[in-house]
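If you count the sequence shown from 1, position 10 lands on 9 in numbering that gives the first Met the number 0, and the numbers rise without skipping. Even for Gly, the Cβ is constructed at its ideal location relative to N, Cα and C. As the structure is a prediction and not an experimental result, all values here were calculated from the model. Report on the following structure.
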Amino acid sequence: MKKIEGNKLVAVLLSAAMVTVVLAACTVDYEKLNKGINDLGKAIDGNSTVATSATVSEADTSAPISTTEESVTEETTPVPTGTATPSATPTPTPVPAADRVDFSDYSVDILSFSENFEVTTEEFEESSHSEEDDEVLFATFAGTRMVVTSAGSDNIRDAINLIVDGFYKEAEGAYKRMADKAKAELTLNGVIEEPYAVNVDFEYMTNGRTFSVLMSYTVEGRAEDETMVVDFASFDMLTGQYITPAVITYYPVNFENSLRIELENAIKSRPVQNEEENESTEPEAVTPAADEFERIFVGPTSVETQNHSYAMVYGIADGQIYSSVIEMDAYADFFNRYGASVFLG
């Protein structure tokens, strides 16, 4: 073994020490290395998170996020609205305007049967003409109009007027239809064959307890349009009760058939008045048979006696009105209590 000198030994040891230091300095610190890698990973993750947040923020900015807000609806009391009243669509009817003419025949009568029962009548005449030529007459409407202006109560007055006015309006309707027909004839043919005439009439009678009205109207003009309409109505003046055979008798059919026979016999025995000599000559030539009376009406009469009760009986046959005063005592068995109080006193 070669012996090394002191100075050289020292130099060798220093060199070794330096090499050791260098090697020691070059030694890898794995713990720090791992820590550094972890820190780097965390830093990378942090950057990714920031980038992601930034992306979401950009998305939030570009696309608005819909948010649902809870809204509170204030309850209000509904205000009722009025229901619109339906209005009927009028169907216009070409009815020529009626002008009242001939005022010389105009009159008004007010008849009082008692302190609280009053009837008003009016005679009138109306006519309808062409609008282009007033000389062209379509139709006339004339006669009597009647209305109860006062009664024991408004109900009694209205009950009577409802029937009476209804019949008048029926006659008025016939007048308007005939006027329209004449107007159409003028339009089609340029001439009217014959103008129409509608006449309405009301006859009334009372015995102080019962008020009766005989109503009729006729249409004259062209033969196919001529007609006669007759109706009759009786009312209790105390109650307004509408009186019919079914109301006053137990056997209305038998009652009417008996009155038909009675009326036939009364007409047969009635003499005809000779206008020239003003005296009775012979019975009426034409007498309807009992079964030829289409309708029978019974109403009050002004004939009064102490021991007997009478009524006016009307019969309609072949468009004619026949009437006669008939004693009602013979028909007492037909009447119920109400009928007896009205017609037998």
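Reduced DSSP category for residue i - H, G, I as helix; E, B as strand; rest coil
i: I191; result: coil
i: E121; result: strand
i: F116; result: strand
i: Y337; result: helix
i: V197; result: strand
i: Y330; result: helix
i: Y249; result: coil
i: L185; result: helix
i: L136; result: strand
i: D290; result: helix
CB of residue i within 7 Å of CB of residue j, strictly
i: A289; j: T300; result: no
i: T119; j: V163; result: no
i: M177; j: A138; result: yes
i: F201; j: M214; result: yes
i: T248; j: F334; result: yes
i: F292; j: Y313; result: no
i: F140; j: V228; result: no
i: V341; j: V324; result: no
i: T349; j: E121; result: There is no way to answer for residue 349, as the model of the chain reaches only from 0 to 344.
i: V199; j: G142; result: yes
i: M204; j: G298; result: yes
i: V135; j: S127; result: no
Nearest to residue i (by Cα), restricted to the options the options
i: A173; options: T217, F201, V212 and I162; result: T217
i: A331; options: Y313, S257 and T286; result: S257
i: A265; options: S211, S322, E255 and K182; result: S322
i: V212; options: F166, L237 and K175; result: F166
i: P194; options: N160, E225 and L237; result: E225
i: N115; options: S127, V246 and G207; result: G207
i: A245; options: D230, E184 and G338; result: G338
i: D133; options: H307, D230, E261 and K182; result: K182
6 Å Cβ shell around residue i - same chain, five flanking residues per side excluded
i: R294; result: I315
i: E219; result: A196 and E225
i: I191; result: A181, E184 and L185
Residues near residue i by beta carbon distance below 8 Å, same chain, minus five either side
i: D153; result: none
i: T286; result: E263, I266 and K267
i: S308; result: E326, M327, D328, F342, L343 and G344
Any C-beta of chain C under 7 Å from that of residue i
i: V146; result: Note that chain C does not occur in the displayed structure, where there is just one protein chain.
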